[in-house]
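Protein chains in written order, with the numbering used here: chain C, 192 to 286; chain L, 416 to 655. We put the CB at the ideal spot given by N, CA and C, even for glycine. Here the structure is a predicted model, which is why all the values come from computation and not from measurement. Quick notes on the structure that follows.
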Amino acid sequence: MPNRFQPINSSQSTKAALQQINNNFMMLDAETYTKTTTNGKNSQMVSGKLPNGRYGEVFYDAGGMPRILIGQAPNDGRPGIWITKEGFNVLDEVN
Amino acid sequence: MAKQNLNHFVFNSDWPMDKIVFFKQTTVTVAKGATQTVTIPHYLQFTPLPMAMCANSADFSDAKSFEPLPYDWGMNIVKADATNITVQIENGSGSTITVYLRVYGLVPETATQEAAITSRQSSKLIFDTDKIYAPLIFSGVITEDFDSTKVAKVNVSHGYKELTATAGRLIVEHNLGFLPYIMYWKEDANGVISMTGYPQFEPGTPLEYISFYCTTDEVQAYLGYSDNVNKWHIRIYANA
Chain C
192 MPNRFQPINS
202 SQSTKAALQQ
212 INNNFMMLDA
222 ETYTKTTTNG
232 KNSQMVSGKL
242 PNGRYGEVFY
252 DAGGMPRILI
262 GQAPNDGRPG
272 IWITKEGFNV
282 LDEVN
Chain L
416 MAKQNLNHFV
426 FNSDWPMDKI
436 VFFKQTTVTV
446 AKGATQTVTI
456 PHYLQFTPLP
466 MAMCANSADF
476 SDAKSFEPLP
486 YDWGMNIVKA
496 DATNITVQIE
506 NGSGSTITVY
516 LRVYGLVPET
526 ATQEAAITSR
536 QSSKLIFDTD
546 KIYAPLIFSG
556 VITEDFDSTK
566 VAKVNVSHGY
576 KELTATAGRL
586 IVEHNLGFLP
596 YIMYWKEDAN
606 GVISMTGYPQ
616 FEPGTPLEYI
626 SFYCTTDEVQ
636 AYLGYSDNVN
646 KWHIRIYANA
């Protein structure tokens, strides 16, 4: 989980440190379902469980638009590959 | 499958695409006023649906497609038989020209045999998402019937369909919301498949006739009257 790890400060209280540790592990645990790769600012790709509940991989263009979906269609889960033209969100266009 | 706007996609695996099983690029010199025939063996186990483009520039920036009656110069025959793809170039311009030619073969609906990979690619990429891969929504082989009240009808709103029928009129309901792209070839009694265009009425030439009526919801093909056409291969693509 690059760019999201929160280091524990040595001056933190034990309670705050434990909370920090749990938060870090929660993020790590979430990666079991959804792996999001960012460039430090925006998502570049998402792999695993998608926001619509289906599974697949989504790739974004430089403008932050999801353009490629490899995985399950939102409507019925059929597997496929869909690539949209510039300006169209592939997660909205496939159903 | 729910409705999708297919014109928003570069590639959509819910729909098939045409498969190019033959490709060849060549160059030919045609003297002014001359007609040159280029015959290229395709080595396929079936007769492909032929396509071709020609250009004066090596980069094909001024490419032309098939023209039954070229005004200046162009390809007026593009056909395939069991052995060859044949292109005839007519040069009606005032000078000798160098013609750059690209010839393609597509898989017909009736083919069941395997085909080797294309002998040569137009680039190093077989799949390149910088290009648009138009979904094929309908593919049909219609044997002509003189009776236009004999209608073959198919609905492709929810998925690709193939149709083999005998009819005087074909109706393909697509409900795309935009006008699709159509390609068609004639197949004569000898199994020769040709690109074709408007009717040819010159004495001694066979009369061929097909016409299309397209709306944003459906395509109608009137197969009309022909002297020697046995079948029409008709393909409809969802790309405006």
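Query	Result
Nearest-angstrom Cα separation, counted from Lys479/L out to Val493/L	13 Å
Given 8 Å, three or more beta-carbon pairs between the region 581-597 of chain L and the region 624-633 of chain L	yes
7 Å CB neighbourhood of Gly239/C in its chain, flanking five on each side removed	Tyr224, Thr225, Lys226 and Tyr246
Euclidean distance between Cα positions of Asp267/C and Asn243/C	11 Å
Extent of the continuous beta strand (DSSP E) to which Thr275/C belongs	Pro270 to Thr275
Distance between beta carbons of Val285/C and Ile274/C, contact taken as under 8 Å	The Cβ separation is near 10 Å, so there is no contact.
Three-state class that DSSP yields for Pro618/L in the structure shown	The pLDDT assigned to Pro618/L is 48, lower than 50, so where the model puts this residue is not dependable; a value taken from the coordinates is nonetheless given after this. Coil, per DSSP.
is_contact[Asn243/C, chain L] using C-beta, thresh 8 Å	no
Within-8 Å CB hit, Asn286/C to chain L	yes
Sequence ranges, beta strand (DSSP E) only - wholly within the region 541-602 of chain L, length at least 3	551-559, 566-570, 576-582 and 584-588
Inter-stretch contact at 8 Å, needing at least 3 Cβ pairs: the region 508-519 of chain L / the region 461-475 of chain L	yes
7 Å Cβ shell around Ile272/C - same chain, five flanking residues per side excluded	Ile261
CA-to-CA distance, Asp283/C to Arg269/C, given in whole angstroms	16 Å
6 Å CB neighbourhood of Gly583/L in its chain, flanking five on each side removed	Asp560, Asp562, Ser563, Lys565 and Leu638
Candidates Asn233/C, Thr205/C, Ile199/C and Met236/C, of which the one nearest Asn215/C by Cα	Ile199/C
For Arg650/L and Ser534/L, the rounded distance between their alpha carbons	Because Ser534/L sits at a pLDDT of 49, beneath the cut-off of 50, its placement in the model cannot be relied upon, and the point is left open.
Residues near Leu421/L in its chain [Cβ-Cβ closer than 8 Å; skip 5 each side]	Asn427, Trp430, Pro550, Ile552, Leu591, Ala653 and Asn654
Whole-number beta carbon distance between Met490/L and Ile504/L, since they are thought to touch under 8 Å	6 Å
Glu284/C, DSSP secondary structure in three states	helix
9 Å Cβ cut-off: residues of chain L touching Phe196/C	By Cβ distance, chain L contributes nothing, its closest Cβ being about 34 Å from Phe196/C, past 9 Å.
Reduced DSSP secondary structure (H/G/I, E/B, other) of Ile199/C	coil
Reduced DSSP secondary structure (H/G/I, E/B, other) of Lys206/C	helix
Status (buried if at least 16 other CB within 10 Å, exposed otherwise) for Ser510/L	exposed
Interface partners of His423/L on chain C, CB under 7 Å	Thr275, Lys276, Phe279 and Glu284
Closest Cα partner of Gly507/L within the set Lys576/L, Thr558/L, Thr525/L and Val445/L	Val445/L
C-beta neighbour in chain C for Ala653/L, strict 8 Å	no
Under 8 Å between C-beta atoms of Ala497/L and Pro465/L	no
Ser572/L: contacting residues in chain C (beta-carbon distance under 9 Å)	By Cβ distance, chain C contributes nothing, its closest Cβ being about 14 Å from Ser572/L, past 9 Å.
Continuous beta strand (DSSP E) stretch holding Gly520/L: start and end	Ile512 to Leu521
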